[in-house]
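Read the structure below first, then the notes.
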Amino acid sequence: MAAAASPQSQTVGESNLNNTHASLMNYNPTALTKTILKPIQLIHREPTVRFTFKELDEYAVEEGLHQAVIMKLSFGAPSLHELRKLIPKQLVIKGRCLIGSLAARHLLIRCDLYEDFCSVLSKQFGYLQFNGEQHMFRNFPWTQNFNPKEETSKALAWVSLLDLPPNLFARRPLLSIASAIGKPIAIDKATQDRTRPSTARVKVILDLMDKHPKRVRMHFLDEQSGKLVEHYQQVVFDNLPFYCTYCKHQGHEDDDCRLMIQKNKRGEGNQDEIRQQGDKTNNLEQLQGDARDFLNAKKKKKLKIKSLMIRIMQVM
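Spelled out as structure tokens, the structure:
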């Protein structure tokens, strides 16, 4: 069905009343916004707004979500008012951060400083101290397909590049190599200080459901001679978390999933019941067959006796 364009106006000039991340960081009360609205289309009689993935990424940056962390709290966590005071202190957040409730037991933490974002995200799990009690939390990178019932498959991992040529410890080539594995967000101190020339380590955000390369191919080109040298760089992942595709949680594989094991046990129990019912049915059929044979034999015996009695009566 052809799409029909909406008759609404394309531009709006008004004061920006939305407290976005960008407006909170740099707010000018005299500025006016000129917002170009997305066209509304009627597709199958449904009003539809279409966005590209590039636009979604731009909106995420505008709202400070490119440096956002999801904190998953345990049951019985302190109130949001208390958490807003506890988290910056106990997680040592240096700059400004916005903390809000995104869903039940899930907080959205937007960090102004990239350093704070990396620091908070690196604390993948820990405890918040409040009134003499410890409340466990787990941190995940924010993703556009956030679902409070599922944990994202995105995770942080240290990547070691063994025997990397020392000249490639420079920031640009090092991050370029790491980008073939995931999104690089930090370089460890020994690599920065050049005190461990045998191995470079980079922290990356990667998808646990993707295939992770064991090596990265590099080409070194001599522009004068045109000679091309090929080098394979070994990649080692440090403590890469597991991800369960059944319950959608990090920390274990499908074979170790309690929900999967319980489901399989229930399935085995049902199969046992079916087998037991089948055995009972077979036994019943067998008994019924034996009973028929017994009755038939008994009937034949009665007929023989009756025939014998008739013969005796005839003789007498």
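Taking UniProt numbering, the leading residue of the sequence shown gets 1, the next gets one more, and so forth.
Where is the CB? At the ideal position from N, CA and C, for every residue including glycine.
(message) Out of Ala-155, Thr-195, Lys-203, which one is the CA nearest neighbour of Arg-138?
(response) Ala-155
(request) Would you check if the distance between the CB atom of Ile-109 and the CB atom of Met-136 is smaller than 7 Å? (result) no
(message) So for Lys-154, helix, strand or coil by DSSP?
(response) strand
(request) In angstroms with no decimal places, state the Cα-to-Cα distance between Asp-256 and Arg-266. (result) 16 Å
(request) With DSSP as the reference, please indicate the residues paired to Asn-147 in a beta bridge. (result) Its beta-bridge partners do not exist; DSSP assigns none.
(message) Spatial neighbours of Lys-123 within its chain, please: C-beta separation below 8 Å, excluding the five flanking residues on both sides.
(response) Leu-91, Asn-139
(request) Below 8 Å CB to CB, which residues in the same chain sit around Tyr-127 once its five sequence neighbours on both sides are set aside? (result) Gln-134, His-135, Met-136, Phe-137
(message) I'd like to know whether the C-beta atoms of Tyr-246 and Met-260 end up nearer to each other than 7 Å.
(response) yes
(message) What does the alpha-carbon distance come out to for the pair Gly-289 and Lys-263?
(response) Its pLDDT being 49, under 50, Gly-289 is placed unreliably in this model, and the coordinates cannot settle the point.
(request) Closer than 8 Å by C-beta to Lys-227: which residues in its own chain qualify, once you throw out the five before and the five after it? Chain order, please. (result) Leu-221
(request) Helix, strand or coil for Lys-89, going by three-state DSSP, please let me know. (result) helix
(request) Kindly provide the ranges of any alpha helix (DSSP H) runs that are 4 or more residues long and lie completely inside the stretch 163-234, ordered along the chain. (result) 171-178, 189-193
(message) Tell me the rounded alpha-carbon separation between Asn-145 and His-252.
(response) 21 Å
(message) Would Ile-177 and Val-216 qualify as a contact pair, given that the criterion is a beta-carbon distance under 7 Å?
(response) yes
(message) Between the stretch 75-93 and the stretch 45-52, can you find at least three pairs of beta-carbon atoms closer than 8 Å?
(response) no
(request) Can you grab the Cα-Cα spacing for the pair Asp-57 / Gln-234, in whole Å? (result) 32 Å
(request) Compare the C-alpha of His-219 against each of Trp-142, Glu-230, Asp-254, Arg-171 and name the closest. (result) Glu-230
(message) Does Gln-224 pass the burial test, meaning 16 or more other C-beta atoms within 10 Å, or should it be called exposed?
(response) exposed
(request) Mark Lys-248 as exposed unless 16 or more other C-beta atoms lie within 10 angstroms of its C-beta, in which case mark it buried. (result) exposed
(request) Can you tell me which of the three DSSP states Lys-94 falls into? (result) coil
(request) Tell me where the alpha helix (DSSP H) around Val-69 begins and ends. (result) Element bounds for Val-69: not the alpha helix (DSSP H) but the beta strand (DSSP E), 68-73.
(request) Determine the burial state of Ala-104: buried for a count of at least 16 other Cβ atoms within 10 Å of its Cβ, exposed for fewer. (result) exposed
(request) Determine the DSSP secondary structure at residue 397, reduced to helix, strand or coil. (result) Nothing about residue 397 can be read from this structure; the chain reaches only from 1 to 316.
(request) Starting from the Cα of Leu-113, find the closest Cα among Trp-142, Thr-143, Gly-76, His-66 and give me that residue. (result) His-66
(request) May I have the straight-line CA-CA distance separating Leu-107 from Ser-101, to the nearest angstrom? (result) 5 Å
(request) Take the Cβ of Thr-281 as the centre, count every other Cβ of all protein chains shown within 10 Å, and call the residue buried at 16 or more, exposed below. (result) Summary for Thr-281: the model assigns pLDDT 49, below 50, so the residue's position carries little reliability, and this model does not support an answer.
(request) Pick out whichever of Ala-180, Met-209, Phe-237 has its Cα sitting closest to the Cα of Arg-201. (result) Phe-237
(request) May I have the straight-line CA-CA distance separating Leu-98 from Ile-87, to the nearest angstrom? (result) 11 Å
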